[in-house]
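Under UniProt numbering, the first residue of the sequence shown carries the number 1, and numbering increases by one thereafter. Even for Gly, the Cβ is constructed at its ideal location relative to N, Cα and C. This report concerns only the one structure given below.
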Amino acid sequence: MTSNFLLTSCTTISSSQSKFSQPPSKIFVRTKCIDNFKVNCEIKNSNTINDDDNEGKSFPGKLDRRKVLLGLGGLYGASNLIGVSNEPFALGAPVPPPDFSTCSTASLPDGSQVPFSCCPPLPKDLTNIPTYKLPNVSKVKIRPAAHNVTQEYITKYNTAIQKMKSLDKDDPLSFIQQANIHCAYCNSGYKELGFPGVPLQVHFSWLFFPFHRWYLYFFERILGSLIGDDTFALPFWNYDSQVGMQFPSLYNDVNSSLYDPNRNQNHFPPNVIDLGFTTIDLDASDQQKINNNLTMMYRQMLTNAPCPQLFFGNPIRGGEQPIRGMGTIENVPHNSVHRWVGNPNNKFRENMGTFYSAARDPIFYAHHANVDRMWTIWKTLGGKRRDFNDKDWLDSAFLFYDENRTLVKVTVQDCTNNEKLGYKYENVPIPWKNYKPVPRKKKVKKNPKNVKPSTEIFPSTLKKTLSFSIKRPKISRTQQEKDIEEELLVFNNMTFDENEYIRFDVFINEDEGVKAKVLDRTEYVGSFANLPHVHAAGNNTGSSSSGTPAVMSLAISEILEDLGLEDEEEIVVVVVPQFGGKEITIASVEINTLACAN
């Protein structure tokens, strides 16, 4: 299909003479634009967006970007749209870096603006952003487990954060500016370079892991530079092990720069973390919480993550408006830990409880270090658990300030090997690897004829527990067939108020009266959890539901084997809303198969 659309080519001229001395709001910007530049594109798919400049128009999805480059003009220059293989982004569809010149203010769910700007200081020259070159690594540093650090380490870390907090607020290395990186990238503060109608979002897709890895990489290097120690390494909060399932004590000293008063004071030690936290504390013993946590980790790292698509999340291409599809770890425990830490007395559970303010709490970086650690562990678990080799993923790019205050471009493919980045993680026990859930003592196959089929239940909200039957496309699959394709339970086109906390749990071969507090059993399949976030100003539609539907896929091959249901044509599924069920509508639920990506 061929389509003509219009681009506006603009060159931005700043009056600021300083490299980063003025925030965007104080820089006088003049633009010289060439309007109505006509571009002819070969469109492979398209979708409609609604924004001020493109309302009701068809906007390209994956297209031949060689022709798009003709209309980009001098903002960053076509020379800066070059991938790591010296091939322009026009030749494929990686997600381009953000357009720093159009960073916008974010809005809160109630329509008011975020009380500060998330936009970074602008460099003097946006036309020549260098590609970051990894420094030589003479010795790989070790990121320590937070519960194992020494007092000497705590003093050093506290000093580094204090120095960062003491920098001028407009310095790109300051703690505030570093925290704002998350706000701008994660609350649609940026548009994709070359696609002014497409917000750049690094959550809900395969960008989640690599973006946050680069984020922590530069944050860590900046801290080391401030204290003159290039061996400094961030700690990780290993809440996936019993010994780390409490709030790390080094963050609890009120006189420390690592302390943040905007936390849930009821969750300090000896309280055990709930990796499925919904905003309501689980009425269960500490041991049951530990059992649940280990079960969820086993499900998210092993059962539900046999393929790259399931672990990393849905692909997103440059210029596309994607269906939201989180990877397993981003969903749980990532979102749940954010909720568990955030202050319930604040409207949006700031700081950790919502994207725009999360990185203002120093515990954010220990949390995401553990999330990053999950990436390193997952690739050691065997099977088809490996990084994508999709060039669109590998060539997707981000912009960060390095420790020398130089704005640099980085790509995904340069961060896939953590040791080449100069760090690895302390070797600590990983108990969930051997915590495979077992079936209930009494294995009774539920009769699908006793419940309605899924086609008669959905679309539906989750105001109550739903029990339904669902047909499988193929039964009695051979091991060879299972090795080629995973069987998935798929929740399609979920729309919800993305400003609300939502969680529901999924079980197979259970009753509607299932004891959802007890997850350490085979019948538990997985959970969906939403973390509220705000939109860029002007993107908030005022609608109570998400403008972009979400999808969740749960791998069930292993579970069907363990429950003895491989030969069943239909199975019984139970969905239990834990929080916010009335805020979500599920269009349909089906079972299909998926071949793992290469």
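Asked: Within 10 Å of its beta-carbon, does residue 319 have 16 or more other beta-carbons around it, so buried, or fewer, so exposed?; Found: buried
Asked: Terminal residues of the continuous beta strand (DSSP E) containing residue 585?; Found: 584-595
Asked: Where does residue 618 fall in DSSP's three states?; Found: Because residue 618 is not part of the residues shown, which for the chain are 1 to 598, the question remains open.
Asked: In this structure, does DSSP put residue 224 in helix, strand or coil?; Found: helix
Asked: So residue 277 is in the alpha helix (DSSP H); what residue range does that whole segment cover?; Found: Neither: residue 277 is in no alpha helix (DSSP H) and is coded neither H nor E.
Asked: Taking residue 469 as the reference, give the member of 508, 212 and 249 with the closest Cα.; Found: 508
Asked: Our contact map puts residue 582 next to residue 463 with C-beta atoms below 8 Å; I'd like the distance itself, whole angstroms only.; Found: 5 Å
Asked: Since residue 195 is in the beta strand (DSSP E), which residue starts that stretch and which ends it?; Found: 195-199
Asked: Have a look at residue 428 and residue 232 and give me their C-alpha separation to the nearest angstrom.; Found: 19 Å
Asked: Measuring only the C-alpha atoms, how far is residue 493 from residue 588?; Found: 7 Å
Asked: Cβ of residue 304 within 8 Å of Cβ of residue 526?; Found: yes
Asked: Tell me the residue span of the beta strand (DSSP E) that contains residue 401.; Found: 397-401
Asked: Identify the residues that DSSP records as bridge partners of residue 263: which are they?; Found: 342
Asked: Going by other Cβ atoms of all chains shown within 10 Å of its Cβ, with 16 needed for buried, is residue 1 buried or exposed?; Found: At residue 1, the pLDDT of 40 sits below 50, so the modelled position is not reliable and the matter cannot be decided from this model.
Asked: Out of curiosity, what's the CA-to-CA distance linking residue 584 and residue 200?; Found: 24 Å
Asked: Quick one: using the 10 Å Cβ neighbour count with 16 as the cut-off for buried, is residue 628 buried or exposed?; Found: Residue 628 cannot be examined here, being either before or after the span of the chain that is shown, 1 to 598.
Asked: Quick check on DSSP: helix, strand or coil for residue 17?; Found: Confidence is the limiting factor: at residue 17 the pLDDT is only 37, short of 50, which leaves the residue's position unreliable and the question unanswerable from this model.
Asked: Would you be able to state if there are at least three C-beta pairs under 8 Å between the region 329-340 and the region 400-410?; Found: no
Asked: Given that a residue counts as buried once 16 or more other Cβ atoms are within 10 Å of its Cβ, and exposed if not, what is residue 169?; Found: exposed
Asked: For a test of the three-state rule: what should DSSP assign to residue 581, helix, strand or coil?; Found: helix
Asked: Could you please give me the residues that DSSP links to residue 530 through a beta bridge?; Found: 502
Asked: What residues in its chain sit with their C-beta under 7 Å from that of residue 416, if we drop five residues either side in the sequence?; Found: 387
Asked: Once the 5 residues before and after residue 367 are set aside, which same chain residues still bring their CB inside 6 Å of it?; Found: 237 and 337
Asked: Tell me the rounded alpha-carbon separation between residue 342 and residue 363.; Found: 11 Å
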